[in-house]
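**Q** In case it helps, this note's numbering puts the sequence shown at residues 14 to 133. Glycine included, each C-beta is placed from N, C-alpha and C at the ideal position. As the structure is a prediction and not an experimental result, all values here were calculated from the model.
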Amino acid sequence: MSEVVTITEAAAFQIKEMMKHNGEEGSFLRVAVKGGGCSGLSYGMGFEQKAGENDQKDEQFGIAVLVDGQDAPILNGTVIDYKQSLMGGGFTIENPNAIASCGCGSSFKTATNAGTPENC
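This is the structure we're talking about:
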């Protein structure tokens, strides 16, 4: 698959550390979209042992990445980074398809998919 989601080197380093810490070496990283959040859609990331039938696969910095075929159009062009600051660190997600996001920063909607908004 062409890269639907791009993972930066900093994010890959953190993901590998998490995989090691959780005994998930060799697992896939699933990047997903689910309904919810105050803007209607929210991101999900987790580890999986097997790819699904509709999954698009990619490998970046030694991490096997899965994106469900239904989520691919929503996530196309998304960049996942890891930023460190004096207040700690965390993953950032830049999605060029998101046209609105909510104040809590974990929810978004696209021009073609509003999802199912909920209270934050």
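Pair every Cβ in the region 65 to 74 with every Cβ in the region 95 to 110, then say whether three or more of these pairs are closer than 8 Å.
**A** Short answer: they don't touch.
**Q** Taking all protein chains shown into account, do 16 or more other C-beta atoms lie within 10 angstroms of the C-beta of Leu54, making it buried, or fewer, making it exposed?
**A** Looking at its Cβ environment, which holds 16 or more other Cβ atoms inside 10 Å, Leu54 is buried.
**Q** Which term fits Leu143, buried or exposed, when burial requires 16 or more other beta carbons within 10 angstroms of its beta carbon?
**A** The question about residue 143 has no answer, for the chain in this structure spans 14 to 133.
**Q** Helix or strand or just coil, what does DSSP make of Phe1?
**A** With the chain covering 14 to 133 only, the question about residue 1 has no answer from this structure.
**Q** Along the chain, where does the beta strand (DSSP E) that runs through Ala85 open and close?
**A** Run containing Ala85: none in the beta strand (DSSP E); it sits in the alpha helix (DSSP H), Ala85 to Leu88.
**Q** Could you tell me the distance, in whole angstroms, from the CA atom of Ala45 to the CA atom of Gly57?
**A** Taking the straight line joining both Cα atoms gives about 5 Å.
**Q** Quick one: what's got a C-beta closer than 7 Å to Met14's C-beta in the same chain, skipping five residues either side?
**A** Its pLDDT being 46, under 50, Met14 is placed unreliably in this model, and the value from its coordinates should be taken loosely. These residues qualify, in order along the chain: Gln69, Lys70 and Asp71.
**Q** Using C-beta distances below 6 Å, list every residue in its chain close to Ile76, excluding the 5 sequence neighbours before and after it, in chain order.
**A** Within the same chain, Ile76 has close Cβ partners Ala25, Ile28 and Leu42.
**Q** Indicate whether at least one CB of chain B lies closer than 7 Å to the CB of Glu16.
**A** Annotation note: the requested chain B is absent from the structure, which comprises a single protein chain.
**Q** At what residues does the beta strand (DSSP E) containing Ser114 begin and finish?
**A** First-last of the beta strand (DSSP E) with Ser114: Ala111 to Ser114.
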